[in-house]
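These protein sequences, in sequence, are chains R and V. Residues in the first sequence are numbered from 89 upward in steps of one, following the working numbering. Residues in the second sequence are numbered from 89 upward in steps of one, following the working numbering. Here the structure is laid out as C-alpha cells; the discussion comes afterwards.
There are 2 protein chains.
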Amino acid sequence: MNTQQTAEGAARPAGRPRSEKAERSIIEATLDLLGEGIGVSELSIESIASRAGVGKTTIYRRWSNKEDLVVDALATLKPPIPLPQGGTVRDDLVTYLRVIQEETRHLRTRCIMNIAMSDSERHPRLAERFRELAVEPRRAVVAAVLRRGMDTGELRADLDVDMALALLSGAMVWLTKWSDGHSPADLPERIVDEALKGFRPRPAE
Amino acid sequence: MNTQQTAEGAARPAGRPRSEKAERSIIEATLDLLGEGIGVSELSIESIASRAGVGKTTIYRRWSNKEDLVVDALATLKPPIPLPQGGTVRDDLVTYLRVIQEETRHLRTRCIMNIAMSDSERHPRLAERFRELAVEPRRAVVAAVLRRGMDTGELRADLDVDMALALLSGAMVWLTKWSDGHSPADLPERIVDEALKGFRPRPAE
C-alpha cells in the first residue's frame, strides 16, 4: 500500500462527500476559468484544482489529461436537446432553434464556446471529441425530425438534410453572433418559416 | 524643442522609410500575436512594438488606443468583397460565399477571427467598430444583389433580405466551422442552389 500522503488527502476536511460533489466543482472551475478568457493552452490542472478547492490527484483520478476534462466541461453546456414531441416538423425545428437561442443568451456560455472554438484549432483532438460528444447527437435528433417530414410529405422528398440543418442552425448562430445575447424572442419562428419556404414540396409548375 | 530621445528614435536605422512600412509592420505584428492565441486583453502596445521592431510612440502616433489598432488589423482580413459582376443573382451569391470560403481556408485567419469573436464579448466597442468597418459594407453589397433579384423577378418579391443573408452566410460558416479549412470546392454552389429553392418565386398553387 502506498503510504504517501497526497496534498489533497491532507487538505480534505474529514467527512466531506467525495466523488460527485468534487466532480461538479472541478467542471465548474474549468468552465469558470475558460469563461474568464483563459485559453485551453494556458489552463493548468493546478489552477483548476486550486479554483475547485481539490487536490490535483482528485482531478487525475477522473481525467487523465486536461483536454478530456475540458471536453466534459464543454459538453455540460450543450446537453442533449429535448426529444421532439412529435408535433409538426415546424414545431420541432422551432424547439431546436430555441435551445440554441437560450444557450447564447448567457455571456459566460458565449465566452466559453468562443474560446473553445478558438482553441480547437490548436487542439484538434478536443474539437473532434466535442463534436462526437455534443454536436453529433444533436445533429442526429434534428436530422430525424427532417426525415420524418420527408416521409410524411411535409417536406420535399429530395431535401438535402445536412444542408437544411446548416441553413437553420447557421442562420440562428449568424443572427445571434453580434446580438450581445439579445435576439428577438420570435427569431426561431422567423428563421424556420423562411427556411421552410424552400424545404416544403413545390406545387407542380 | 524636446531633446529627449525616444527609444524608437534611437532604434530606427538611418534612412529607413517610415510611415507606410512601419504601419504595415504594426498591423502584421498585431495579427501575428492574435494568431498565436494572445487575446485582446493580454495584448500590449509594448509587445506589438517589440514584434514590429518599432517604438511605442510610432504606434501611438497613428492609433490612440489598442482597440482601434486591433480593429484596423482585423479589417485587413475582411476586405470589401469584389463588386458583383452583374451576372445572375446566383453567380453573385456564389462569389460572395466563395470569398468567405477562401478566408476560412487559412488557419491564421480562423484563429484570429475566433479570438476576436471571443474577445468582442469583453470589448464591445471593438465588436461595434469591426461591424461598422468590415461586416456592414459586405452586408450592403449582398443585400443589393438580393434586391436586384427581387426587382428582376429572379427572386420572390416578398423575400426577407436580412433573413436570406443569414441563411446563406450562416450555412457557409456552419459548414466550414468544423471542417479544418477543407470544405468541398463546390460548397458555395450547393448552399446557394439549396437556398434559392426558397428564394425563387413560387409557381401559383
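Beta carbons: idealized from backbone N, C-alpha and C, even for Gly. Quick caveat: nothing in here was measured; it's all calculated off a predicted structure.
CA-to-CA distance, residue j to residue i, given in whole angstroms
i, j, result
"R:A254", "V:I136", "38 Å"
"V:K166", "R:T145", "46 Å"
"R:I115", "V:P225", "42 Å"
"R:R104", "R:E124", "For R:R104, the predicted model reports a pLDDT of 48, less than 50, meaning its position is unreliable; a value from the coordinates is still stated below. So the alpha carbons of these two residues sit roughly 28 Å apart."
"V:M205", "R:P291", "42 Å"
"V:G286", "V:K109", "49 Å"
"V:R235", "V:L247", "9 Å"
"R:Q173", "R:A222", "21 Å"
"V:P170", "R:M260", "26 Å"
"R:Y252", "V:M201", "The amino acid at residue 252 of chain R is misidentified as Tyr; the sequence shows Ala. The alpha-carbon atoms of R:A252 and V:M201 are separated by roughly 26 Å."
"R:E155", "V:E155", "31 Å"
"V:L195", "R:Y184", "30 Å"
"V:A232", "V:V177", "10 Å"
"R:G175", "R:V230", "13 Å"
"V:A273", "V:A228", "26 Å"
"R:V182", "R:G237", "14 Å"
"R:V280", "V:I203", "30 Å"
"R:V142", "R:S208", "27 Å"
Residues of its chain near residue i, where Cβ-Cβ distance is below 8 Å and the 5 sequence neighbours each way are ignored
i, result
"R:P289", "G241, L243, R244 and A245"
"R:R213", "E155"
"R:L131", "T118, L121, L122, K154 and V158"
Close Cβ partners of residue i (< 7 Å) along its chain, the five nearest in sequence each way excluded
i, result
"R:R186", "P276"
"R:R150", "E111"
"R:T164", "I115"
"V:S271", "Q189, L263 and T264"
"V:R217", "V159"
Contact set for residue i: own chain, Cβ-Cβ below 6 Å, skip 5 residues either direction
i, result
"R:A161", "I115, T118 and L119"
With 7 Å as the C-beta to C-beta threshold (strictly closer), list the residues of the region 167-186 of chain V near chain R in chain order.
none
Against chain R: residues of the region 244-265 of chain V by CB proximity under 9 Å:
R244, L247, D248, D250, M251, A252, L253, A254, L255, L256, S257, G258, A259, M260, V261, W262, L263 and K265
Every unbroken alpha helix (DSSP H) inside the region 237-270 of chain R [4 residues or more]
249-265
Note down, one range per segment and in chain order, each beta strand (DSSP E) of at least 3 residues found wholly within the region 105-162 of chain V.
none
Tell me the start and end of each unbroken alpha helix (DSSP H) in the region 182-221 of chain V that is at least 4 residues and wholly inside, in chain order.
195-208 and 212-218
Relative to chain V, which residues along the region 102-128 of chain R have a C-beta separation below 7 Å, given in chain order?
G125 and G127
The region 229-240 of chain V: positions lying closer than 7 Å to chain R by Cβ:
none
Looking at chain R, which residues of the region 269-282 of chain V have a Cβ within less than 8 Å of any of its Cβ atoms?
R278, I279 and E282
Output needed in chain order: residues of the region 213-227 of chain R with a Cβ under 8 Å from some Cβ in chain V.
A215, R219 and V223
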